[in-house]
Amino acid sequence: MSIPTLPDAFVEKHAAKGWPVGLAGVALVIIGTFMSWSFDPNILGDLSVYGYPGGLQILAIILSLLALVLLLTVKGPLASRLGQWLDAALGLRALGLWLLIYMVGVILAIATDSSGLVNVDPGGWISFVGAVLVFAGSQVIPLRELRDLGRARLPGWFEIAAVAVVMAGVLFGAAYALAREDAWSFVLVLVFAGGTVAAMFRTGTMGWFGHVATRRRKVLTLAAFAVAFFFPFTQQGSDANMSIATSVLIFAATAIGLNIVVGLAGLLDLGYIAFLGAGAYVASSLSRSAFATIDWHPPFLVIVLLGGCVSATLGLIIGTPTLRVSGDYLAIVTLGFGEIFRFSMFNLDGNNGPNLTNGPNGIPGIPELAVGGFNFGDEHVVAGITLGRFSNYYFLLLLLMAFVILVFTRLNNSRIGRGWVAIREDEKAAEAMGVNVFGLKLLAFAVGAFLAGLAGTIKAHQDGATSPDQYIFLESAFLLAAIVLGGMGTIAGVLLGATILKLLPEKLRFFSEYRLLLFGLTLVLMMRFRPEGLVANKRRLLEFHEEDEKLATAVESELVEEAK
Amino acid sequence: MTVTDEVRSPARASGQPLLEASGVTMQFGGLLAVNDVNLSVHEGEILGLIGPNGAGKTTFFNCLTGLYKPTRGQVRFNGVPLAPKPRAVVEAGMARTFQNIRLFANMTALENVMVGRYCRTSSMALTSILHGPKYRKEEAATRARAQELLDFVGLGRSSEHLARNMPYGDQRRLEIARALATDPKLILLDEPTAGMNPLETRQASDLIFKIRDSGLSVVVIEHDMRFIFGLCDRVLCLVRGETLVEGTPIEVQSDSRVIEAYIGTGESDDEDAGQDTPAGGDEEGKS
């Protein structure tokens, strides 16, 4: 996607004005934030104070300070050092656009939440005019040819520090965003995040960070887990956000399992939720619930493994006959299988067969997990911060996530992973080279099912009840949507996709009625403009752009670089 | 450098043939693409397979390598009947390349060759996940072997290049390296010089000699007569799915029927053109 630009002649004519206009804009935005934006103190937190910036005004300051840095890179003290690497002009255009969107959002929020534009105070208008100036100024600052920031070599400690700073930013950003209670504030924080990310992309910083991330994969993974680990401590014992976080984790772990099937082996599975359900049913019927149907209560570790194995067996049973068909046929058959699973759970109620599932009533009252002496329902106080029930499950799920990611990456980088790529690329040629095509497809099915089964056993205890209507087709569709949105074959992408799909409906209740419509629309747009997903897997990127020679050359030079 | 550890046996060794196809027949509906073809290849031999377009050469290849299940006939390798399954064929020690190059386009050259090692390596899911010393050793060996084969075909410096970005001639050589990675005793090359210039063609025949010298047998389909007669120990000419002539290059070269098959007799040219290109004849194994 490209930002539309003004005609060259116009830009040339006004080029000299861009810089001072932009600088004036930054100054106005900052001045505005020290004044009141809103007459009504109850909107967007409290923006009605004079003398110091409050609440969301801080975000406007951060955005305009970023713009200031870029302006000074175009012309000023930073030009000599950063000028030749950072694409400041392009970054400014992105930043100007997003700053404007941010201010428009603020004004809209104030106007809609109270009774019209009257409630916008002068400070708000001053900042808005500042944003317009930054936007206008950035449009006429001429673009330049730059060196590729991805090739910049910086000292190792700097790279590691960059990873740490970005990860800390993600942690604080997530905590800050989740702490916004009203929808408008949340949206504005998202706009802020969008602006920062867009500016990073446009200046080339994101590309550089991508290189650093591949070079320092271990540091990145460790930092990501550290951030995830510390997240509950930022929530001060609030259960609301932690419950969202646990559901995101379950969803994401399942989606990564599905990504082995879809992203790595290239098989379209529309009934994947059944494997999560199988794990959940195993755990709930073996639990100490009064409604549990099997009077055998092994330790939880055994249940987890059993859940995984039952799921994997189901995967093998469904896979053996169906993996001989491919493409659309496989999708339809798996869709059918998902429904068969749900109806079986619905009907195994004692009337139509053995009573395993209590039919439509499901198995409620599943007790909290207790491993050793540790009860997952209890609250714990660590370093003065209360960690509630959901935090306990969150940490357990984090362990599961680590395992799922380990399985995903190691399989992806192994002989088996190469076999999967070969099958995706050219099945006949793979077969002619001695790759066990059917076996590898079946393996992907079984491993994916196994991981979903593991997640299911934890989900049963976390939900406290298991019933057939939790495992409807829509859930399978959402899992697949998380992968398509995030990126086939990547972990970061699926994490992002899962977070978006689970978090947004929770935070933006007002759009819940249009949820499906919006997701459908998003997917259509993704398919049109970015079929490889938000975080693209290199090979998938190439597969989706068979004709793009430039892209292939670029990816290749990266590969050669990495091999050195 | 050697491709296999076996000591190469002299060309045209006596005794049992390495590959022996007897009475191979392939029928698509009413079309006889290959009719009762016999073929034997000895260790260390280069055998050429020629014939006009649509003669059934590629179909015959597909029958040999298990992509097609022959309607009748049997293929024996090392004296053992081969199941018509590509994987069984590769495991027995017979590898092939394709007429229209079928590389894994979005993989690097090295990765392409590493896929070829698949059937000679054994780590499965659990070993890969556990990442133990045995697994790491096997991965390192796979990588080293793949690099060695790239060096062998002259692509050692392109190991990190994407297959789809490589020049045409290099892609052909990469396909040969990938086939060699399966540790074959016999390699089947389907038009290895199609679309190449004279220099590349000469390099290709040098490479084929080099492969033969390292102890492998080679069966090669080709249209370039000079290439085939300079290369092969024996040549088999297929016309309309049937063996027309089999013999040394000199015998085949001077056979009037071969010349007739290629150039035509004049009167029946138009009819021949119609019959010479039956559907599915030179099609790659897409069924």
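Protein chains in written order, with the numbering used here: chain W, 193 to 756; chain L, 8 to 294. Here a beta-carbon is modelled for each residue, glycine too, at the ideal position from N, C-alpha and C. On a predicted model such as this, the values are computed, not experimentally measured, just so you know.
Taking 8 Å as the threshold, find out whether the segment 77–85 of chain L comes into contact with the segment 97–115 of chain L through three or more Cβ pairs.
yes
Consult DSSP for L:Ser224 and reduce its assignment to one of helix, strand or coil.
Locating residue 224 of chain L in the second sequence gives position 217, counting from the first residue. Strand, per DSSP.
Quick one: which chain L residues come within Cβ less than 7 Å of W:Ala606?
Taking the first residue of the first sequence as position 1, residue 606 of chain W is located at position 414. Sequence check: residue 606 of chain W is Ser here, not Ala. Residues of chain L passing the Cβ test: Ser130 and Ser135.
Would you tell me roughly how many angstroms separate the C-alpha atoms of W:Ala444 and W:Leu591, rounded to the nearest one?
On the first sequence, position 252 is the one that residue 444 of chain W refers to. On the first sequence, position 399 is the one that residue 591 of chain W refers to. If you take the alpha carbons of W:Ala444 and W:Leu591, they lie about 13 Å apart.
Could you check which residue in W:Leu589, W:Leu263 and W:Leu325 has the C-alpha nearest to that of W:Leu643?
The sequence position of residue 643 of chain W within the first sequence is 451, counting from 1. With distances taken between Cα atoms, W:Leu643 lies closest to W:Leu589.
Which of helix, strand or coil does DSSP assign to W:Arg480?
Your numbering for residue 480 of chain W matches position 288 in the first sequence. It is coil, neither helix nor strand.
With W:Phe529 as the anchor, note down where its alpha helix (DSSP H) starts and where it stops.
Your numbering for residue 529 of chain W matches position 337 in the first sequence. W:Phe529 -> alpha helix (DSSP H) spans Asp520 to Asn539.
Pull out every residue of the segment 725–741 of chain W whose Cβ sits closer than 7 Å to any Cβ of chain L, in chain order.
Arg731, Leu734 and Glu735
Name the residues in the segment 106–122 of chain L whose C-beta lies less than 7 Å from a C-beta of chain W; which are they?
Arg109, Phe111, Ala112, Asn113, Met114, Thr115, Glu118, Met121 and Val122
Indicate the three-state DSSP secondary structure (helix, strand or coil) for W:Glu741 in the structure shown.
Taking the first sequence and counting its residues from 1, one reaches residue 741 of chain W at position 549. The answer is helix: DSSP assigns W:Glu741 an H, G or I state.
Take W:Phe736 as the anchor and find which of W:Trp349, W:Val266 and W:Met680 has the nearest alpha-carbon.
For the purposes of this step, residue 736 of chain W is taken as the residue at position 544 of the first sequence. When only C-alpha atoms are compared, the closest one is W:Met680.
Run through the DSSP bridge pairs and tell me what W:His489 is partnered with.
For this step, residue 489 of chain W is matched to residue 297 along the first sequence. None; W:His489 has no bridge partner.
Of the residues that make up the segment 625–657 of chain W, which ones have a beta carbon closer than 7 Å to any beta carbon in chain L?
Met625, Gly626, Val627, Asn628, Leu635 and Val639
Around the C-beta of L:Glu27, are 16 or more other C-beta atoms found within 10 angstroms, so that it is buried, or is it exposed?
Walking along the second sequence from the start, residue 27 of chain L turns up at place 20. Label assigned to L:Glu27: buried.
Which class does W:Met719 belong to by DSSP, given the choice of helix, strand or coil?
To locate residue 719 of chain W, count along the first sequence from 1; it is residue 527. DSSP places W:Met719 in the helix class (H, G or I) of the three-state scheme.
Would you list the one or two residues that DSSP bridges to L:Glu249?
Walking along the second sequence from the start, residue 249 of chain L turns up at place 242. Paired residues: L:Val246.
To which residues of the same chain is L:Val31 closer than 8 Å at the C-beta, ignoring the five residues directly before and after it?
Taking the second sequence and counting its residues from 1, one reaches residue 31 of chain L at position 24. Short of 8 Å from the beta carbon of L:Val31, and not among the five residues preceding or following it, lie these beta carbons of its own chain, in chain order: Val41, Asp43, Val44, Asn45, Leu46, Phe67, Cys70, Leu71, Pro77, Arg79, Gly80, Gln81 and Val82.
Just to make sure I have the definition right: I need the residues of chain B whose C-beta is within less than 7 Å of the C-beta of L:Asn172. Which are they?
Annotation note: the requested chain B is absent from the structure, which comprises protein chains W and L.
Kindly list, in the order they appear in chain L, the residues whose Cβ is closer than 7 Å to that of W:Ala614.
Numbered from its first residue, the first sequence carries residue 614 of chain W at position 422. By Cβ distance, chain L contributes Phe111 and Val122.
Counting only C-beta atoms, is L:Pro93 closer than 7 Å to chain W at any point?
In the second sequence, residue 93 of chain L corresponds to position 86, counting from 1. So, interface residue.
For L:Glu167, would you say it is in contact with chain W, using Cβ-to-Cβ distances shorter than 7 Å as the test?
For the purposes of this step, residue 167 of chain L is taken as the residue at position 160 of the second sequence. With 7 Å as the cut-off, L:Glu167 counts as an interface residue toward chain W.
For a minimum of 4 consecutive residues, which ranges assigned as the alpha helix (DSSP H) are wholly contained in the segment 607–649 of chain W?
607–617 and 619–624
Hey, could you find the ends of the alpha helix (DSSP H) W:Gly822 is sitting in?
Beyond the ends of chain W as shown, which are 193 and 756, falls residue 822 of chain W; an answer cannot be given.
To the nearest angstrom, how far is it from the Cα of W:Gly316 to the Cα of W:Ala216?
As a working note, residue 316 of chain W is residue 124 in the first sequence. As a working note, residue 216 of chain W is residue 24 in the first sequence. If I take the Cα positions, the gap works out to 16 Å.
Please report how far the alpha carbon of W:Thr526 lies from the alpha carbon of W:Met537, in whole angstroms.
Counting from one through the first sequence, the residue named residue 526 of chain W turns up at place 334. Counting from one through the first sequence, the residue named residue 537 of chain W turns up at place 345. A straight line joining the alpha-carbon of W:Thr526 with that of W:Met537 spans about 17 Å.
Grab me the residues of L:Asp262's own chain with a C-beta within less than 6 Å of its C-beta, minus the 5 sequence neighbours each way, in chain order.
One-based indexing of the second sequence puts residue 262 of chain L at position 255. Closer than 6 Å at the Cβ level, and outside the excluded window around L:Asp262, lie Val252.
Assess contact between the segment 175–185 of chain L and the segment 205–220 of chain L, defined as three or more Cβ pairs (one per stretch) separated by less than 8 Å. Is contact present?
Yes, since at least three Cβ pairs between the segment 175–185 of chain L and the segment 205–220 of chain L fall closer than 8 Å, the two stretches touch.
Contact check, W:Val312 vs W:Ala303 under 8 Å by CB: the rounded distance?
Translated into positions along the first sequence, residue 312 of chain W becomes position 120. Translated into positions along the first sequence, residue 303 of chain W becomes position 111. Yes, they are in contact, since the Cβ atoms of W:Val312 and W:Ala303 sit about 7 Å apart, within 8 Å.
Verify whether the separation of the beta carbon atoms of W:Ile144 and W:Phe529 is less than 7 Å.
It is not possible to answer for residue 144 of chain W, since the shown part of chain W is limited to 193 through 756.
Tell me which same chain residues have a C-beta within less than 7 Å of the C-beta of W:Pro559, skipping the five on either side of it?
Taking the first residue of the first sequence as 1, we reach residue 559 of chain W at position 367. Taken in chain order, the residues that qualify are Ser479, Arg480 and Ser481.
By the criterion of Cβ-Cβ separation under 9 Å, what are the contact partners of L:Val265 in chain W?
Translated into positions along the second sequence, residue 265 of chain L becomes position 258. The contacting residues do not exist; L:Val265 stays about 30 Å from chain W at best.
Of all the options L:Pro256, L:Cys244, L:Gly254 and L:Thr255, which has the alpha carbon lying nearest to the alpha carbon of L:Glu267?
To locate residue 267 of chain L, count along the second sequence from 1; it is residue 260. Checked all of L:Pro256, L:Cys244, L:Gly254 and L:Thr255; the closest Cα to L:Glu267 is L:Cys244.
DSSP state of L:Gly254, grouped into three classes?
Taking the first residue of the second sequence as 1, we reach residue 254 of chain L at position 247. In the displayed model, L:Gly254 falls within a strand according to three-state DSSP.
Tell me, please, whether the CB atom of L:Asn125 is closer than 7 Å to any CB atom in chain W?
Residue numbering aside, residue 125 of chain L sits at position 118 when the second sequence is read from its first letter. Per the sequence presented here, residue 125 of chain L reads as Tyr, with Asn not at that position. Closer than 7 Å to some Cβ of chain W, the Cβ of L:Tyr125 qualifies, so yes.
Does the Cβ of W:Ile821 have 16 or more other Cβ atoms within 10 Å, making it buried, or fewer, making it exposed?
Since the displayed chain W opens at 193 and closes at 756, residue 821 of chain W lies outside it and no answer follows.
So L:Gly55 is in the beta strand (DSSP E); what residue range does that whole segment cover?
Reading the second sequence from its first residue, position 48 is the one you call residue 55 of chain L. Its beta strand (DSSP E) spans residues Ile53 to Ile57.
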